[in-house]
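Residue numbers for the sequence shown follow UniProt numbering, so the first one is 1 and each next one is one higher.
All C-beta atoms, glycine included, are put in the ideal place defined by N, C-alpha and C.
One structure is given here, and the rest of the page talks about it.
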Amino acid sequence: MTNSILAAIKYPPLVTKKTAVVVSPLLSLMQDQVTSLKQKGVKSEYLGSTQTNSSASSDAEKDMFDVLYMTPEKAISLPSRMEYKELHLLRDLLVGVPFVALTATATERVREDISTSLVLCNPHVVVGSFDRHNLFYGVKSCNRSISFINELVKDVSKRSAVGESTIVYCTTIWETVQVHEALVTAGIKSGIYHGKMGSRAREESHRWFCHNEVRVMAATIAFGMGIDKPHVRCVIHYGCPKSLESYYQESGRCGRDAVKSVRDLSKETFLLLSCIKSCGGRWGLNLPIDVLRGSRAKKIVDNNYDKLQMHGRGKDYSPNWWKALGGLLIAHDYLKETVRDTFRFVSVSPKGVKFLSAADKIDGTPLVLQLTAGMIDLEEHGSSQHKEGGGSSLVPTLESEKFSEDESKLYQMLLNVRMELAQDIGTAPYAICGDQTIRNFAKMRPSTGARLANIDGVNQHFVSRFSGTFIQNITKLSKELNLPLDNSPLPPPLTINPAVENIAGVPKPVQNNLPGILGDAKLTAWELWQKQEFSFLKIAYFRRAVPIKEQTVIAYILDAAREGCELDWSRFCREVGLTPEIASGIRLAIAKVGSRDKMKPIKEELPENVTYDMIKTFLTIEGRGLSEQIFSNAPASSHASEASGNGNPADGVQTADACDANPSAKRGQTDGMVGSAEEPAMKLQKIEEHGVESSGITSATEESVLELVASRDGVLLDDVVEHFNGSKRESVVEILDSLESEFEIYKKNGKYMIM
């Protein structure tokens, strides 16, 4: 059963607060799913011949479950095994209840048969893609000799040694036994499964494999239905499947967690290696990636890199994806990293040169590598267009880093902790948490429940039930291995790169339908700020009887930047107040929190003078892959230090003369534009004129409402209205609705709470 089907089963009852009945003939699957759902805090149970809980039926009648599994014969009280043909009889009992038929694979003929059997009337049929991005298909000549079996065993042994799960499908029972014996002889702990085994023996093999007691299963096609194991890393067919549909079903049991996939990356590797070589190997990864993405930043144009053959050839992937590939190529010795003073340079290694020589064209030598979880996530949920906002997690970045030897030991130890927990409560290890979550624990080593709760893959149920055990073991094992807790290395001091003033960044092609994507308000705000150099305040009042807030203007402009609109980032940072020192603090806060998904925990780690606007700006810059262009990793200059010492961190921003870098700035303050010298007076004038704030009166803005909600453990609408006595109730409601739509806050039991 695929993850998408499980989601279709799980979410509707949680949203509607009504029970979902799931009819399935597979008892083992039902038991596994019920156990897994219970571990996630979802009230569930199954009704079938193996149910030993005598109160299950009566509890179901009392509507005590979110999800209720039952066999077809139980659903319609018939003893035969043709019950699926009779399930339409339930319609007379469940009047008005929607029916949905879910299957991982079904031909058109099977879909029609399902529709007829269930008497579905004009059903909405959804057929998902058969393309699994994280799977790599390979073919080897098979002669079924002893030498070939030995080769197969050797390959499986390598995977088993690093904890990867493998299924070997055989076409006959005799071959299944032969392969199983070869695996056992080689010292590989493996199971066997075929139709001539007794039901108890089959159930035992199934349980061993799903609970990670054995990592390898030699089986006929009888093994497969009911496997709910997300991290099967490899499926081997020792012989040809009986049909293409069978092949897809069986191979599809691999990599359901979308982690550690392998793929032929020869084309992408050729592009990146060629670009790095053409750039002379005297930069880090960022500049060659910018060249591949088609950037025309000043440094690229000055070095004529915009004229390279590779310029703009890599727009299909985001900067973060290319960086992850660069990390893979360094790990596999196709690139080498050299450190001089505080700078890192990346160049093509001898192994990489050999690859380029063999691949004199892009469609040359195949190069199969494992993709990181971050790369897969970027591909599945969109490239730069969708992932460059501020909401991406820190974890994919950490995932692309290699474990140290001690971290690898900690990872294996934590896997054992999870295994012991699973055995104690009688469930599968992955029902507690996924392998990726354990990787994140080993890398970040949280010391408190709050830090653990901010790691990807951890939900509230996990925190309440398992956090104590894991924190205790992480603390103890990290001490034994001499690893620091709360892994958050202090980044070097940041300075605004003086060579970067009007950075186009890593621009996506600006789309013709931007008004439809952004909306007129956001596009107008960006044009006024970028092209006409209006201030945030002036845009807030531009042609409006009632002004919008400056925070809203800033959010509009950042949205435009995420969609590929060019932005003068140096000026933007200056006007928002994002200094190098503050950027350093935000980066450190993110590392401490362990996630970028929620701004409130980040804000709580920072001084009060750091605003949400500064955090949003920093996250957008990071998401666009521009941080190293805007903030160079060079020590702050003496001028910056002096300015910082004088208590004015904004003076520490080093920029080139705006007139030199941005010709449009030479126009001066014409066309009624307000210059920086006039802005304070205008701001005071407007505040006084519109009564935004006076003695005893507080008006609502998006930022002030957000801060109020963040400061309390839930706040009622009436309390918000009472607090902001300078604003009308309708205005407060409108702001709350806006914050809710932007997922900054949410409403629960009548109270507004921070996300």
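Give every residue of the same chain whose Cβ lies closer than 7 Å to the Cβ of residue 786, excluding the five residues on either side of it in the sequence, and list them in chain order. With the chain running from 1 to 755 in the structure shown, residue 786 is simply not present.
Alpha carbons only, please: which of 617, 212, 335, 285 is nearest the one belonging to residue 322? 285
To which residues does DSSP link residue 263 through a beta bridge? 369
Own chain residues within Cβ distance below 8 Å of residue 548, not counting five before or after: Once the five neighbours on either side are set aside, the close Cβ partners of residue 548 are 540.
Those residues which DSSP pairs with residue 167 across a bridge: Paired residues: 217, 235.
So within the segment 261-327, which uninterrupted alpha helix (DSSP H) runs reach at least 4 residues, ignoring any that extend past its ends? 266-278, 286-292, 298-302
Assumed close pair residue 160, residue 111 - CB separation to whole angstroms, cut-off 8 Å: So it is not a contact: roughly 39 Å between Cβ atoms.
Per DSSP, residue 70 forms a beta bridge with which residues? 23, 47
Does the Cβ-Cβ distance between residue 222 and residue 252 come in under 8 Å? No.
Ordered along the chain, which non-local residues of its own chain (more than five positions away) have a Cβ less than 7 Å from that of residue 57? 47
Nearest candidate by alpha-carbon position, reference residue 106, set 71, 31, 246, 91: 246
Pick out whichever of 276, 482, 527, 154 has its Cα sitting closest to the Cα of residue 566. Scanning 276, 482, 527, 154 for the CA closest to the CA of residue 566 turns up 527.
Anticipated Cβ contact below 8 Å, residue 406 with residue 483, distance rounded: 6 Å
Rounded C-alpha distance that separates residue 739 from residue 432: 33 Å
Is any beta-carbon of chain B found at less than 8 Å from that of residue 24? Looking for chain B here will not work: only one protein chain is present.
Quick one: complete alpha helix (DSSP H) runs, 4+ long, within the UniProt domain "HRDC" (404-484)? 405-425, 429-432, 435-444, 449-453, 460-480
Under 8 Å, do residue 715 and residue 708 count as touching if we go by C-beta distance? yes
Assuming residue 191 is part of the beta strand (DSSP E), what are its boundary residues? From DSSP, the beta strand (DSSP E) with residue 191 extends over 190-193.
Between the Cα of residue 94 and the Cα atoms of 76, 108, 109, 327, which residue gives the shortest distance? When only C-alpha atoms are compared, the closest one is 76.
Quick check on this structure: which residue in 558, 608, 170, 280 has the alpha carbon closest to the alpha carbon of residue 345? Ranking the options by Cα distance to residue 345, first place goes to 280.
What is the residue span of the beta strand (DSSP E) that residue 746 lies within? 745-748
Going by the CB atoms, is the gap between residue 335 and residue 349 shorter than 8 Å? yes
Check the DSSP bridge columns for residue 752 and list the partner residues they point to. 715, 747
Can you say whether residue 403 is buried or exposed, counting buried as having 16 or more other CB atoms within 10 angstroms of its CB? exposed
Suppose only complete runs of 4+ residues qualify. What are the alpha helix (DSSP H) ranges in the segment 89-168, listed by chain order? 90-93, 108-117, 146-161
Is it buried or exposed, residue 230, if we count other Cβ atoms within 10 angstroms and call 16 or more buried? buried
Determine whether the beta carbon atoms of residue 458 and residue 437 lie at a separation below 8 Å. yes
For residue 52 and residue 210, I'd like the C-alpha separation in whole angstroms. 21 Å
Between which two residues does the alpha helix (DSSP H) harbouring residue 338 extend? It is not in any alpha helix (DSSP H) - residue 338 instead sits in the beta strand (DSSP E) that spans 335-340.
By how many angstroms is the C-alpha of residue 564 removed from the C-alpha of residue 309? 23 Å
Whole-angstrom distance between residue 8 and residue 16, CA atom to CA atom: 13 Å
Quick check on the DSSP output: the alpha helix (DSSP H) that includes residue 57 runs from which residue to which? 56-61
Smallest Cα separation from residue 312: which of 287, 474, 410, 131? 287
What is the C-beta distance between residue 592 and residue 605, in whole angstroms, given that I count them as a contact (C-beta under 8 Å)? Indeed they touch by this definition, with Cβ atoms about 6 Å apart.
Quick check on DSSP: helix, strand or coil for residue 562? helix
Using three-state DSSP, classify residue 344 as helix, strand or coil. strand
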